[in-house]
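Engineer: Quick note: the sequence shown uses my numbering, first residue 59, plus one each step.
For glycine and all other residues, C-beta sits at the position ideal for the given N, C-alpha and C.
Pasting a structure here, questions to come.
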Amino acid sequence: MNNVCEVVELSGHIIDSHILPNVLDKIILMGGDFEIEKLEVGKTNEDISYAKLIVKGKDHKHLDGILREIQQMGAIVSTKDAKTEKALDDCVLPDNFYGTTNLPTYVKIDGVWKEVEDIEMDCVIVIENRDGEKVPVCKRMGLVKKGDDVVVGYGGIRVIPLERTREKDIFGFMQSEVSPEKPLDYYSKTIAKEMKKIKEKGGNIVWVVGTAIAHTRAHKILEELVREGYVDALFCGNGFATMDIEYALFKTTLGMDDECNVVKGGYKSHLVAINEMWKVGGIKKAVEKGILTKGVLYECVKNNIPYVIGGSLRDDGPLPDTIRDVIVAQDEMRRYAKKADMCVILATMLHGIATGNILPARVKTVCIDMNPYVVTRLQDRGTHQALGIVSDPCAFLHLLKKDLDNLS
59 MNNVCEVVEL SGHIIDSHIL PNVLDKIILM GGDFEIEKLE VGKTNEDISY
109 AKLIVKGKDH KHLDGILREI QQMGAIVSTK DAKTEKALDD CVLPDNFYGT
159 TNLPTYVKID GVWKEVEDIE MDCVIVIENR DGEKVPVCKR MGLVKKGDDV
209 VVGYGGIRVI PLERTREKDI FGFMQSEVSP EKPLDYYSKT IAKEMKKIKE
259 KGGNIVWVVG TAIAHTRAHK ILEELVREGY VDALFCGNGF ATMDIEYALF
309 KTTLGMDDEC NVVKGGYKSH LVAINEMWKV GGIKKAVEKG ILTKGVLYEC
359 VKNNIPYVIG GSLRDDGPLP DTIRDVIVAQ DEMRRYAKKA DMCVILATML
409 HGIATGNILP ARVKTVCIDM NPYVVTRLQD RGTHQALGIV SDPCAFLHLL
459 KKDLDNLS
């Protein structure tokens, strides 16, 4: 028998975005029950819908579990002020801390709903005092200091879910399953139009690329996109950066030339490339001294485009520009991710998922990979806004370039 209950509210395009039915399904799947006390359905594209529900659970613990789940789906569980508890020590959180999603989130403080700054998933909310004003800020656990006011529980928190647009839009929330059977030409044209629109409005596009982009020579397309202003920040690993430089110096990647021949002694060409960068003090110095005269990273330096090379356990060398402390690399990526309007992820699982973890849900995200697991993993991990395309990302890059040229 369901003995305890709580009133919750939903507001927005909750019908056509499937938010209301998904909330009701979740309640039932978790063994709860509900009554719809009030339902107002919007009739035009501008009208919003509203629902007031009584959610029932077997006991307080059971009900709390249901409320936490549906809150992440957009339910307003309580309109009281959010509660906080002090952090017990540096990096130590109160037991009942609130864990964030990447969706726009509001906290009620002194009766006023305030948007949480720098929202991203898997973090906590800290209430800071700035000149007498209380400001909710999203922070990763490693930045929490002893005595910080950390938001706990689920009361006084409002999460704004992604809503399905009523217009035809390939970036519509969860509009289709990941599949290789997609009209690639249509997607390319549509993404190209979106990129051009973003740049015309002064927006930012972040690119995340893996080694396959260099090894297949598709990095030559990326060089052009940097020159043409479609790249505002580049995230990659030591592998891509090394291959890009190796090709610029020796016209090989991992010792393989443009005709797929492994040149004599080519097995160590990537190490020579790394060594050359160390000899002159890094990529920017190599460009300044005329040693590095082409490549994606060369174009980034020449066009003042920031790049973040994040290290890993697998790295050779690594390059002097590679950030070996992964937490430092994360924070450097955050500097540019929070300014992004679009993110394009090509042929990289680890860097792609890492970027997805720090992107706000508002960022239009495209993930293109031959492996469907990479695309689905990104979405399952919480980057629900990602448009997944199972295809050859290198071939797609060529197609995208052609479509961008046709828009010029």
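Going by DSSP, which residues form a beta bridge with L97?
Structural biologist: As a first step, residue 97 is located in the sequence shown; it is residue number 39 there, counting from the start. Note: L97 sits in a beta bridge opposite A109.
Engineer: Taking the straight line between their C-alpha atoms, what separation do you get for L355 and I349?
Structural biologist: Sequence index remark: in the sequence shown, residue 355 carries index 297 (1-based). Sequence index remark: in the sequence shown, residue 349 carries index 291 (1-based). About 13 Å.
Engineer: Whole angstroms are fine: how far does the CA of R393 sit from the CA of V182?
Structural biologist: Here residue 182 refers to the residue found at position 124 when the sequence shown is read from its first residue. Here residue 393 refers to the residue found at position 335 when the sequence shown is read from its first residue. Each residue's alpha carbon lies about 18 Å from the other.
Engineer: Given that a residue counts as buried once 16 or more other Cβ atoms are within 10 Å of its Cβ, and exposed if not, what is N362?
Structural biologist: Residue numbering aside, residue 362 sits at position 304 when the sequence shown is read from its first letter. By the 10 Å Cβ count, N362 comes out exposed.
Engineer: Taking just the CA atoms, how far does K397 sit from M301?
Structural biologist: For the purposes of this step, residue 301 is identified with residue 243 of the sequence shown, where counting begins at 1. For the purposes of this step, residue 397 is identified with residue 339 of the sequence shown, where counting begins at 1. Rounded to the nearest angstrom, the two C-alpha atoms are 28 Å apart.
Engineer: Where does C358 sit, in a helix, a strand or coil, going by DSSP?
Structural biologist: Taking the first residue of the sequence shown as 1, we reach residue 358 at position 300. DSSP places C358 in helix when its eight states are reduced to three.
Engineer: Pick from G100, K360 and I249: whose alpha carbon is nearest that of E282?
Structural biologist: Residue 282 sits at position 224 when you count from the first residue of the sequence shown. Looking at the Cα atoms, K360 is the closest of the given residues.
Engineer: Count Cβ pairs between the region 262–279 and the region 367–386 that sit closer than 8 Å; are there 3 or more?
Structural biologist: These segments do not touch.
Engineer: On the three-state DSSP scale, how would you describe N154?
Structural biologist: Here residue 154 corresponds to residue number 96 of the sequence shown, with the count starting at 1. If DSSP states are grouped into helix, strand and coil, N154 belongs with coil.
Engineer: Is there contact here, the region 418–425 with the region 156–164, by at least three beta-carbon pairs under 8 Å?
Structural biologist: Taking 8 Å as the limit for Cβ pairs, the verdict is that the region 156–164 does touch the region 418–425.
Engineer: List in chain order: all unbroken beta strand (DSSP E) runs of 3+ residues lying wholly within the region 400–436.
Structural biologist: Runs of the beta strand (DSSP E) inside the region 400–436: 400–404 and 422–427.
Engineer: Which partner residues does I215 have in the DSSP bridge list?
Structural biologist: Looking up residue 215 in the sequence shown gives position 157. DSSP, once it has assigned bridges, lists V165 as partnering I215.
Engineer: For the alpha helix (DSSP H) holding C181, just list the boundary residues, first then last.
Structural biologist: Taking the sequence shown and counting its residues from 1, the one referred to as residue 181 is at position 123. Premise fails: C181 is in no alpha helix (DSSP H) and is neither H nor E.
Engineer: Between the Cα of A412 and those of K204, M88 and D389, spot the shortest distance and give me the residue it belongs to.
Structural biologist: Taking the first residue of the sequence shown as position 1, residue 412 is located at position 354. Nearest C-alpha to A412: D389.
Engineer: What's the C-alpha gap between G214 and G157?
Structural biologist: In the sequence shown, counting from the first residue as 1, residue 214 sits at position 156. In the sequence shown, counting from the first residue as 1, residue 157 sits at position 99. Their backbone Cα atoms lie some 14 Å apart in a straight line.
Engineer: Round the Cβ separation of D427 and V448 to the nearest angstrom and send it over; I've been treating them as touching at under 8 Å.
Structural biologist: Locating residue 427 in the sequence shown gives position 369, where the first residue counts as 1. Locating residue 448 in the sequence shown gives position 390, where the first residue counts as 1. With a Cβ gap of about 7 Å, D427 and V448 count as contacting.
Engineer: Which stretch, first to last residue, makes up the beta strand (DSSP E) that contains Y288?
Structural biologist: Residue mapping note: residue 288 aligns to position 230 of the sequence shown, counting from 1. Segment: none, Y288 is in no beta strand (DSSP E) and carries neither H nor E.
Engineer: What are the partner residues of T311, as DSSP defines its beta bridges?
Structural biologist: Position 253 of the sequence shown, counted from the first residue, corresponds to residue 311. M314.
Engineer: So, with DSSP's three-state summary, where would you put A272?
Structural biologist: Working through the sequence shown from its first residue, we reach residue 272 at position 214. Here A272 sits in helix by DSSP.
Engineer: In its own chain, which residues sit with a C-beta less than 6 Å from the C-beta of F308, not counting the 5 before and 5 after it?
Structural biologist: Numbered from its first residue, the sequence shown carries residue 308 at position 250. For F308, where only same-chain residues beyond five positions count, the Cβ hits under 6 Å are S327.
Engineer: If we count the other Cβ atoms within 10 Å of its Cβ and call it buried at 16 or more, is G90 buried or exposed?
Structural biologist: As a position in the sequence shown, residue 90 is number 32, starting the count at 1. Burial call: buried.
Engineer: Any contact of the region 70–88 with the region 120–136, i.e. 3+ C-beta pairs under 8 Å?
Structural biologist: They touch, by the three-pair rule.
Engineer: Quick check on L462: buried or exposed, where buried means 16 or more other Cβ atoms within 10 Å of its Cβ?
Structural biologist: As a first step, residue 462 is located in the sequence shown; it is residue number 404 there, counting from the start. The residue in question, L462, is buried, as its Cβ has 16 or more Cβ neighbours within 10 Å.
Engineer: Using DSSP with H/G/I as helix, E/B as strand and the rest coil, what is G90?
Structural biologist: Locating residue 90 in the sequence shown gives position 32, counting from the first residue. Looking at G90 - three-state DSSP - the assignment turns out to be coil, as it is neither helix nor strand.
Engineer: Between the Cα of L146 and those of H456, D373, G205 and M314, spot the shortest distance and give me the residue it belongs to.
Structural biologist: Mapped onto the sequence shown, residue 146 falls at position 88. Selected option, being the one with the closest Cα: G205.
Engineer: So, with DSSP's three-state summary, where would you put K197?
Structural biologist: Walking along the sequence shown from the start, residue 197 turns up at place 139. Note: K197 maps to strand in three-state DSSP.
Engineer: Kindly indicate which three-state DSSP category T300 falls into: helix, strand or coil?
Structural biologist: Within the sequence shown, numbered from 1, the residue matching residue 300 stands at position 242. T300: helix per DSSP, three-state reduction.
Engineer: Cβ atoms of V284 and E191: under 8 Å apart, would you say?
Structural biologist: Here residue 191 refers to the residue found at position 133 when the sequence shown is read from its first residue. Here residue 284 refers to the residue found at position 226 when the sequence shown is read from its first residue. No; because the gap between Cβ atoms is not below 8 Å, this pair is not in contact.
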